[in-house]
Amino acid sequence: MTYFPEEVVEHIVDFLGSHGDRNAVSTVCKAWYQVDRLSRRSVFVGNCYAIRPERVVTRFPEMKSLTVKGKPHFADFNLVPYDWGGFAQPWIEAAARGCPGLEELRLKRMVVTDDDLELLARSFPNFKSLVLVSCEGFSTDGLAAIATYCRGLRELDLQENEVEDHGRQWLSCFPDSCTSLVSLNFACLKGEVNASALERLVARCPNLKGLKLNHSISVESLNKILARAPHLVDLGTGSFTIDNRSETYHRLINAFFKCKSLRSLSGFWDASPFCLQAVYPICTNLTVLNLSYAPAIQSADLTKLIGLCFKLQKLWVLDCIGDKGLVVVASTCKELQELRVFPSDIYGTGITAVTEEGLVAISSGCPNLNSLLYFCYQMTNSALTTVAKNCPHFTRFRLCILEPEKPDPVTNQPLDEGFGAIVRSCKNLRRLSVSGLLTDQVFLYIGMYAEHLEMLSIAFAGDSDKGMVYVLNGCKNLRKLEIRDCPFGDAALLKDVAKYETMRSLWMSSCDVTLGGCKALAAKMPRLNVEIINENDGTSESKENLSDLQKVEKMYFYRTVAGPRNDAPDFVWTL
Amino acid sequence: MSTTETGCSSTEPEVTGGLGYDETELTLGLPGAGGSKPSETDRKRGFAAAVGLNVGAASRGEDCGARSSDSSDGSVSGAIKRSAAKAQVVGWPPVRSFRRTALRSCTYVKVAVDGAPYLRKVDLEAHGGYEQLLAALEEMFSCFTVRDYPDERRLVDPVNGTEYVPTYEDKDGDWMLVGDVPWKSVLSFFLSCFLTVAAVRFNMLRA
């Protein structure tokens, strides 16, 4: 080992793709740590509070790509108060000081301000790619700064962010000299966008492969864009409705006909059925189809479209496709790997349209299925057992039965056996969400069989502390555990605290853990930040008066080497 | 449970309208719990507790913890009560807020007029009341005009003088005259059950 030249180690280490592998390499010895740190180009920080930004930047000075995640996953469902944290600012500032060669930044569930975006745009001369997922705190002014100052920008990808609309001119800020765009996604923007500026931008970017429009872009505009960019691979349409079968419609058909490279389609805001027909010519080439924002498309039209897509690998739809529609998917899309069926009846007045039948059909028709998100009205143990047998390759399995604690409607039994079958059969399962009526038994199965499970989401399930303990004892690779409304308390929380240093984070809300239990945990584990989120009152006086026996509404803890954070709002109490 | 073209109205009797009265009957056990295990009655945290309801406003036996029956009346107010109850559980179902608001904004309803060759779509939220809605419909179905009556306005075919009254099909499948129920109730009812465009239709019937 002593005579092993560093260049050789570096060369070998370069072949390692995954962050986990590179992290492992860096712990072997000091020499390898050095090799890794100087050659690491892509850095992934799963929890922005686990480490200080300055440390990351100092350790990896040659970093080209940085990914940072902020809020816990349950923030997606409004369980985390608005100003909990997850600020991008310290990361961008640190990178601006220490890594001016940064080319790519990906942020998820973070608070990003216009000032942050402007700093970003001005600080990195080689900046190429900005991806923001589920972020908030910025407006179209920030986008204008990116457009103005990022010469050579290749990718601007905004996925499901809350963006304040300050006008349509941000797109015009891309200078005439900007010809480098490869991917542009502004589908989540609520306001108007300057369509003619967009058309000119598309015309001067010959390498554009991905373009996702928002609802303000009309079909007329889409026609012009497709005429300029028939080589698009990934398209998100704008508003997809026209009043009658006019010239516009004919041009649309022709435009799609020419898009021979198109593999991925999304958008379809307000799609009308006959507009959808314009897409038929390219269906046979599609590998990705996202119709989950198109509530106006009825099942019959959906199935007509999907019936042509026999190369589909990834499909996102609304549950109005119905069980019958899923049968069509099963018989057509033999190469399907990922399916997401979202609820169209979120406000709960009873038009849920898929059941266990649809899922069983999919499983028998699509044996390559490895990723599922399925919102349904009901599920049976028998169906889950069949699904488990048909599809042993699941890596992600998320089932959401819309009515919490609903048993198997046929047998009135809990769904323990069904989920048990899933974890027994799917040996590579990494992510699991369970729902319906569940006892401690299901957690026994999960602990016993889900060896590779990394993320588990539990809601309204279990009978006692035993359930949580089964999971913590059994799942050796567990990284993220999130629990809401379950009868798990201090005994479970404190059973094996050493386990928590092997995990990224744990969220528990509306469970039975008490303040005393959380304090005990914090005392035993100094390298965990144990946060109590108490929105009702955050004054320090009342904190003193709180009894240790009082149940904690929301607790979130995570391992960290950065110590307690200094940006916590009043209602967050780090023990 | 697949939807048909008219969405909400045709599946309603199965789900909410035609109530399974046996489900709302008072029993000693939990609704729907046949041979239930003792631990279920000890359930520390149930959906009902999370929602904070004491009465079972259940139409599908959904409150495992609630014993009493409050027979939902299937009327507009019942529907709104149920959706309000469900809305009280924060973050359920687990759908991203972005997706919730994106789907929420689809308040379009199909309007059919007897004799007109095709349907039109109308955005309910864009109109402040029946008058404005009627005016919008008049514009869309430009072959008709609006005639004023003492208590109401009606759409009229100027050629043969046939009058049309706007009606809508409610959750029970009944044809209700637009104008009897206050606009706000109608609107919230529409908003609570629509999400597919064809959930409710306005049909102009001959008066």
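From first to last, the protein sequence lines stand for chains A and B.
For what it's worth, UniProt numbering labels the leading residue of the first sequence as 1, then goes sequentially.
For what it's worth, UniProt numbering labels the leading residue of the second sequence as 1, then goes sequentially.
Where is the CB? At the ideal position from N, CA and C, for every residue including glycine.
Just the C-alpha distance for residue i and residue j, rounded to the nearest angstrom, thanks.
i, j, result
"A/I458", "A/T67", "27 Å"
"A/N566", "A/Y49", "10 Å"
"B/S71", "A/P409", "Bear in mind that the predicted position of B/S71 carries a pLDDT of just 37, short of 50, making it too unreliable to give a figure here."
"A/C400", "B/P94", "8 Å"
"A/G20", "A/L153", "29 Å"
"A/A491", "A/V469", "9 Å"
"A/Y33", "A/N534", "41 Å"
"A/I217", "A/N290", "18 Å"
"A/E7", "A/Y149", "37 Å"
"A/L232", "A/D83", "39 Å"
"A/F124", "A/D465", "50 Å"
"A/N529", "A/A520", "13 Å"
"A/R559", "A/Y500", "7 Å"
"A/M379", "A/Y556", "31 Å"
"A/S239", "A/L211", "14 Å"
"A/T287", "A/E553", "43 Å"
"A/M525", "A/R52", "19 Å"
"A/N254", "A/E62", "47 Å"
"A/E10", "A/S42", "15 Å"
"A/G137", "A/P5", "48 Å"
"A/L493", "A/F310", "48 Å"
Are the beta-carbon atoms belonging to residue i and residue j less than 7 Å from one another?
i, j, result
"A/L438", "A/L415", "yes"
"A/C99", "A/V57", "yes"
"A/A330", "A/C366", "yes"
"A/P72", "A/W507", "yes"
"A/C328", "A/G307", "The sequence as given places Val at residue 328 of chain A; Cys does not occur at that position. Yes, the Cβ-Cβ distance between A/V328 and A/G307 is below 7 Å."
"A/D115", "A/V131", "no"
"A/N47", "A/R504", "yes"
"A/G267", "A/T248", "no"
"A/V360", "A/C376", "no"
"A/L481", "A/L453", "no"
"A/E103", "A/F127", "yes"
"A/R484", "A/S509", "yes"
"A/A461", "A/C486", "yes"
"A/P273", "A/D319", "no"
"A/E338", "A/S371", "yes"
"A/E531", "A/V497", "no"
"A/N214", "A/A187", "yes"
"A/T395", "A/N368", "no"
"A/G86", "A/V112", "no"
"residue 597 of chain A", "A/L235", "Past the boundaries of the shown model lies residue 597 of chain A; chain A is included only from 1 to 575, so the question cannot be answered."
Pull the bridge partners of residue i from the DSSP assignment, please.
i, result
"A/V45", "A/V68"
"A/F397", "A/L372, A/L432"
"A/M508", "A/I483, A/M555"
"A/G210", "A/S183, A/D234"
"A/K314", "A/V288, A/E338"
"A/K324", "None; A/K324 has no bridge partner."
"A/N529", "A/Y558"
"A/W170", "Its beta-bridge partners do not exist; DSSP assigns none."
"A/F138", "A/V163"
"A/E104", "A/S65, A/S129"
"A/M455", "A/R431, A/K480"
"A/F87", "A/V111"
"A/S266", "A/G236"
Nearer than 6 Å: is that true of the beta carbon of residue i relative to any heavy atom of the ligand MN?
i, result
"A/N185", "Among the ligands in the structure shown, none appear at all, so the ligand MN cannot be discussed."
| Residues from the segment 73 to 84 of chain A in contact with chain B, defined by Cβ distance under 8 Å | For the segment 73 to 84 of chain A, residues whose beta-carbon sits nearer than 8 Å to a beta-carbon of chain B comprise F74, D76, F77, N78, L79.
| task | Could you run through the segment 116 to 148 of chain A and flag, in chain order, every residue whose CB is less than 9 Å away from some CB of chain B? | result | Of all residues in the segment 116 to 148 of chain A, S134 have a Cβ within less than 9 Å of some Cβ in chain B.
| field | Cβ contact (3+ pairs, closer than 8 Å) linking the segment 162 to 176 of chain A and the segment 192 to 208 of chain A | value | Counting C-beta pairs closer than 8 Å gives three or more between the segment 162 to 176 of chain A and the segment 192 to 208 of chain A, which meets the contact rule.
| said: Does the structure place the segment 512 to 525 of chain A close enough to the segment 469 to 484 of chain A that three or more beta carbon pairs sit under 8 Å? | reply: They do not touch, by the three-pair rule.
| task | Give a yes or no on contact between the segment 441 to 451 of chain A and the segment 377 to 387 of chain A, applying the rule of three or more CB pairs nearer than 8 Å. | result | Flag = no, the segment 441 to 451 of chain A and the segment 377 to 387 of chain A do not touch.
| said: Closer than 7 Å between beta carbons: that is the criterion. Which residues of the segment 292 to 304 of chain A meet it against chain B? | reply: Residues of the segment 292 to 304 of chain A with a C-beta less than 7 Å from any C-beta of chain B: Y293, P295, A296, Q298, S299, listed in chain order.
| request: Can you give me, in chain order, the residues of the segment 179 to 208 of chain A that have a beta carbon less than 8 Å from any beta carbon in chain B? | output: The residues in question are C188.
| query | Name the residues in the segment 375 to 402 of chain A whose C-beta lies less than 7 Å from a C-beta of chain B; which are they? | reply | Residues F375, Y377, C400, L402.
| query | Between the segment 155 to 169 of chain A and chain B, which residues of the former have a C-beta closer than 8 Å to a C-beta of the latter? | reply | Those residues of the segment 155 to 169 of chain A that come within reach of chain B (Cβ to Cβ, closer than 8 Å) are E160, N161, E162.
| query | Going along the segment 264 to 286 of chain A in order, which residues come within less than 7 Å of chain B, judged by CB to CB distance? | reply | Correct list: empty, as no residue qualifies.
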